[in-house]
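To start, the structure under review is shown below, and the notes come after it.
Number of protein chains: 2
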Amino acid sequence: MTAETGRLRAAVMGAGSWGTAFAKVLIDAGTPATLWARREEHAAAINRAGCNATYLSEVKLPPELHATADPAEALAGADLVFIALPSQMLRTHLQRWIDDVPSGAMLVSLMKGIETGTAMRMSEVMAEVTGAGAERLGAVSGPNLAHEIAAEQPAATVVACTDEAAGLRLQAASANPYFRPYTNQDIVGCELGGAVKNIIAILVGIAEGMGFGDNTRASIITRGLAETTRLGLALGADPATFAGLAGLGDLIATCASPQSRNRTFGEQLGRGRNPHELLASLDQVVEGVATSRAVLDLARRTGVDMPIAEHVVRAVSGELEPAEVLRSLMSRSRKPERPAG
Amino acid sequence: MTAETGRLRAAVMGAGSWGTAFAKVLIDAGTPATLWARREEHAAAINRAGCNATYLSEVKLPPELHATADPAEALAGADLVFIALPSQMLRTHLQRWIDDVPSGAMLVSLMKGIETGTAMRMSEVMAEVTGAGAERLGAVSGPNLAHEIAAEQPAATVVACTDEAAGLRLQAASANPYFRPYTNQDIVGCELGGAVKNIIAILVGIAEGMGFGDNTRASIITRGLAETTRLGLALGADPATFAGLAGLGDLIATCASPQSRNRTFGEQLGRGRNPHELLASLDQVVEGVATSRAVLDLARRTGVDMPIAEHVVRAVSGELEPAEVLRSLMSRSRKPERPAG
Chain A
0 MTAETGRLRA AVMGAGSWGT AFAKVLIDAG TPATLWARRE EHAAAINRAG CNATYLSEVK
60 LPPELHATAD PAEALAGADL VFIALPSQML RTHLQRWIDD VPSGAMLVSL MKGIETGTAM
120 RMSEVMAEVT GAGAERLGAV SGPNLAHEIA AEQPAATVVA CTDEAAGLRL QAASANPYFR
180 PYTNQDIVGC ELGGAVKNII AILVGIAEGM GFGDNTRASI ITRGLAETTR LGLALGADPA
240 TFAGLAGLGD LIATCASPQS RNRTFGEQLG RGRNPHELLA SLDQVVEGVA TSRAVLDLAR
300 RTGVDMPIAE HVVRAVSGEL EPAEVLRSLM SRSRKPERPA G
Chain B
0 MTAETGRLRA AVMGAGSWGT AFAKVLIDAG TPATLWARRE EHAAAINRAG CNATYLSEVK
60 LPPELHATAD PAEALAGADL VFIALPSQML RTHLQRWIDD VPSGAMLVSL MKGIETGTAM
120 RMSEVMAEVT GAGAERLGAV SGPNLAHEIA AEQPAATVVA CTDEAAGLRL QAASANPYFR
180 PYTNQDIVGC ELGGAVKNII AILVGIAEGM GFGDNTRASI ITRGLAETTR LGLALGADPA
240 TFAGLAGLGD LIATCASPQS RNRTFGEQLG RGRNPHELLA SLDQVVEGVA TSRAVLDLAR
300 RTGVDMPIAE HVVRAVSGEL EPAEVLRSLM SRSRKPERPA G
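Sequences listed follow chains A and B, in order.
Here numbering that gives the first Met the number 0 is used: the first residue of the first sequence is 0, the next is one more, and so on.
Here numbering that gives the first Met the number 0 is used: the first residue of the second sequence is 0, the next is one more, and so on.
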């Protein structure tokens with residue numbers, strides 16, 4: 000906490016488009032924030048140019064924003080540690096930083112994925128690595144395309160924490176005139192909503208790449224949200240979360256956006272690109288690819304039927320052609336919208 | 000029923016884009032259908048050209064489809080009467096046809112609106128005018144953009160009827176390889192979902208006309224669905240319906256589509272057009288305009304807070320400028336996503 004103002008201090012760990020945009024959100028909310036970048040030259044370039052030319056080139060960053068490649072410097076004195084790394088890298092990095100995270104600091108996930116192998120949500124990984132209790136673990140999730148938020152377009156989001164008071168602190172630290180956070184105590188639902196939407200976005204992309212239009216997209220989104228909700232129920236989430244900003248809201252924004260890497264990846268598959276060649280050619284992570292396997296793993300452990308996740312795993316592995324994916328999903332037996340029982 | 004095949008016979012009353020596309024859906028499902036057009040020359044042109052040049056010009060209609068401007072001819076022997084008129088015209092037309100509707104025929108709404116003055120759903124108007132019981136009243140609603148369905152793009156929908164057996168008959172009469180109907184016994188929810196989405200689409204259009212992007216649209220859709228669900232709960236609908244194809248699905252398809260008249264109307268408002276001049280210049284009905292007043296009426300009677308419907312009514316009447324509409328909606332007090340209580 001800063002002595003002069005009593006305000007909380009933040010570290011944002013990860014200088015991709017969303018980490019960078021979120022650091023700007025915090026500063027515009029009056030919360031001092033330091034941005035950690037993995038590469039020394041990237042941190043130096045951000046400080047020199049006052050913008051993130053690599054991932055968010057169109058936006059001038061606030062002059063108060065300082066970037067560093069030294070995790071100890073970024074974390075020093077932080078009350079709130081926001082983490083925006085590729086999901087599958089969280090554990091390794093957090094283990095490295097563990098001695099520099101101030102005791103008592105809150106750890107907040109800006110990530111949307113499930114760890115492969117363990118099938119853990121990001122806050123579960125943070126808890127396991129650091130030993131932090133539920134009152135120190137949070138997540139931010141919602142319809143938040145980084146480039147639009149950085150351009151100060153009005154957006155709503157959810158700040159999730161099991162502990163109500165901690166959630167209110169997160170809300171106060173991030174609310175500004177263009178960014179409107181709602182509190183939600185269902186962190187399980189918020190994290191699942193964000194992770195599964197990347198899988199659904201891949202299927203939406205596949206359908207679009209094949210030339211299908213708005214009806215097909217809307218049907219996939221609707222049925223995708225239904226299977227996300229079934230998974231959430233089995234894991235103790237509140238079903239209402241999936242109808243909210245971190246479920247539906249995020250899903251719609253992602254599936255509509257040409258900015259979504261997951262949707263765009265699916266679109267290329269739908270146009271006939273080979274998934275393995277395509278992945279090898281990309282220099283950014285497509286979260287839905289690894290997460291689709293982890294989610295299917297969760298679904299099997301809990302006995303939940305998730306046909307969309309299953310078909311995406313098969314499309315991404317190259318086992319099913321895009322046309323077969325859609326045909327197989329459409330030809331399931333005729334039934335009521337919500338089976339009884 | 001046809002003597003030779005035992006199949007149900009259908010009349011589709013209304014030859015706009017959706018009525019015409021739905022007549023094709025029925026014929027492609029093996030259900031003989033006659034299409035009624037309001038104007039004699041329109042019916043004749045459809046029969047002559049084998050297409051509906053006015054509303055669905057790009058699609059060749061099945062040769063079996065016959066159009067007529069004589070309601071008695073269209074209705075003769077019909078087991079299923081689908082109605083696709085502008086919502087505010089339903090009562091007047093139905094009163095005219097009443098003697099020609101075969102006794103026992105099912106009346107199925109393809110419309111998405113609420114009657115002004117009475118605040119009645121379409122199936123309520125049908126019940127009041129004809130005296131039909133719940134087992135003879137149905138509605139079809141879902142993410143069903145007419146032009147995409149006519150092009151045989153795969154789509155899912157809901158056929159709603161309180162009576163399960165009647166719902167299954169509707170499902171069998173309309174299912175074909177590109178059109179996948181799910182049954183749902185919650186006709187109240189299905190009709191409300193379809194009606195309110197046209198109001199939300201106007202606000203989405205306003206935001207887009209002002210230059211806002213995917214985050215803003217996703218936030219409006221999410222909060223709009225939340226207020227639709229609140230209204231539905233107050234009127235005895237099943238909240239799960241709003242998370243399904245007739246709620247969320249239809250809403251997403253409409254809000255994404257340049258084909259939606261409601262969205263396009265909002266977009267023009269967002270660009271600064273005067274609502275009264277704009278309405279006077281259009282030759283098709285914008286359902287959300289009249290329906291927004293009727294829904295607000297319903298909301299007030301039931302004590303439900305519907306800020307989006309209220310702001311759309313004020314924008315459409317010219318009382319609020321588009322920029323004020325968005326500012327007023329964004330600046331409501333900071334709160335939890337789902338207030339306790």
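Virtual Cβ for every residue (Gly too), placed ideally from N, Cα, C.
Determine the closest residue to residue i out of the options, with distance taken between C-alpha atoms.
i: residue 217 of chain A; options: A:186, A:253, A:238 and A:236; result: A:253
i: residue 37 of chain B; options: B:57, B:78, B:96 and B:31; result: B:96
i: residue 90 of chain B; options: B:20, B:126 and B:77; result: B:126
i: residue 100 of chain A; options: A:281, A:15, A:130 and A:318; result: A:130
i: residue 235 of chain B; options: B:245, B:282, B:301 and B:281; result: B:301
i: residue 178 of chain B; options: B:326, B:28 and B:113; result: B:28
i: residue 259 of chain A; options: B:288, B:105, B:213 and B:295; result: B:213
i: residue 85 of chain A; options: A:12, A:52, A:105 and A:40; result: A:12
i: residue 237 of chain B; options: B:281, B:310, B:192 and B:265; result: B:192
By a C-beta neighbour count over all protein chains shown, 10 Å radius and 16 as the cutoff for buried, is residue i buried or exposed?
i: residue 286 of chain A; result: buried
i: residue 62 of chain B; result: exposed
i: residue 273 of chain A; result: exposed
i: residue 225 of chain A; result: buried
i: residue 318 of chain B; result: exposed
i: residue 196 of chain B; result: buried
i: residue 153 of chain A; result: buried
i: residue 117 of chain A; result: exposed
i: residue 176 of chain A; result: exposed
i: residue 340 of chain A; result: With a pLDDT of only 42 at residue 340 of chain A, under 50, the local geometry of the prediction cannot be trusted, and no value is derived from it.
i: residue 194 of chain A; result: buried
i: residue 120 of chain A; result: buried
i: residue 326 of chain A; result: exposed
i: residue 283 of chain B; result: exposed
i: residue 25 of chain A; result: buried
i: residue 328 of chain B; result: buried
i: residue 295 of chain A; result: buried
i: residue 265 of chain B; result: buried
Per DSSP, residue i is paired with what?
i: residue 183 of chain A; result: A:159
i: residue 106 of chain A; result: A:80 and A:136
i: residue 178 of chain A; result: A:154 and A:175
i: residue 263 of chain A; result: DSSP, once it has assigned bridges, lists no residue as partnering residue 263 of chain A.
i: residue 12 of chain B; result: B:35 and B:82
i: residue 120 of chain B; result: B:113
i: residue 335 of chain B; result: A:182
i: residue 51 of chain A; result: A:55
i: residue 67 of chain A; result: A:35
Cutting at 8 Å between CB atoms, please list the residues of its own chain near residue i, excluding the five before and the five after it.
i: residue 263 of chain A; result: 204 and 257
i: residue 150 of chain B; result: 57 and 58
i: residue 139 of chain B; result: 21, 81, 107, 108, 109, 156, 157, 158, 159, 169, 173 and 180
i: residue 268 of chain A; result: 201, 204, 205, 208, 274, 277, 314, 315 and 321
i: residue 30 of chain A; result: 6, 7, 8, 9, 79, 172 and 173
Pop quiz: residue i and residue j are said to be a contact at Cβ under 8 Å. What is the actual Cβ separation, rounded to whole angstroms?
i: residue 107 of chain A; j: residue 7 of chain A; result: With a Cβ gap of about 11 Å, residue 107 of chain A and residue 7 of chain A do not count as contacting.
i: residue 250 of chain B; j: residue 199 of chain B; result: 6 Å
i: residue 35 of chain A; j: residue 14 of chain A; result: 7 Å
i: residue 228 of chain B; j: residue 241 of chain B; result: 4 Å
i: residue 245 of chain A; j: residue 183 of chain A; result: 7 Å
i: residue 73 of chain B; j: residue 17 of chain B; result: Not really, about 16 Å apart at Cβ, beyond 8 Å.
i: residue 248 of chain B; j: residue 142 of chain B; result: 4 Å
i: residue 243 of chain A; j: residue 336 of chain B; result: 5 Å
i: residue 128 of chain A; j: residue 93 of chain A; result: 5 Å
i: residue 291 of chain A; j: residue 312 of chain A; result: 5 Å
i: residue 113 of chain B; j: residue 293 of chain B; result: 4 Å
i: residue 144 of chain A; j: residue 122 of chain A; result: Contact flag wrong, Cβ pair sits at about 23 Å.
Got a sec? Which residues, its chain only, sit under 6 Å from residue i by beta carbon, not counting five neighbours each side?
i: residue 42 of chain A; result: 36, 66, 67 and 68
i: residue 148 of chain B; result: 20 and 154
i: residue 33 of chain B; result: 10, 65 and 73
i: residue 221 of chain A; result: none
Return the chain-ordered list of same chain residues with a C-beta closer than 7 Å to the C-beta of residue i, the five sequence neighbours on each side being excluded.
i: residue 50 of chain A; result: 56, 58, 59 and 60
i: residue 71 of chain A; result: 99
i: residue 298 of chain A; result: 230, 305 and 308
i: residue 133 of chain B; result: 161 and 162
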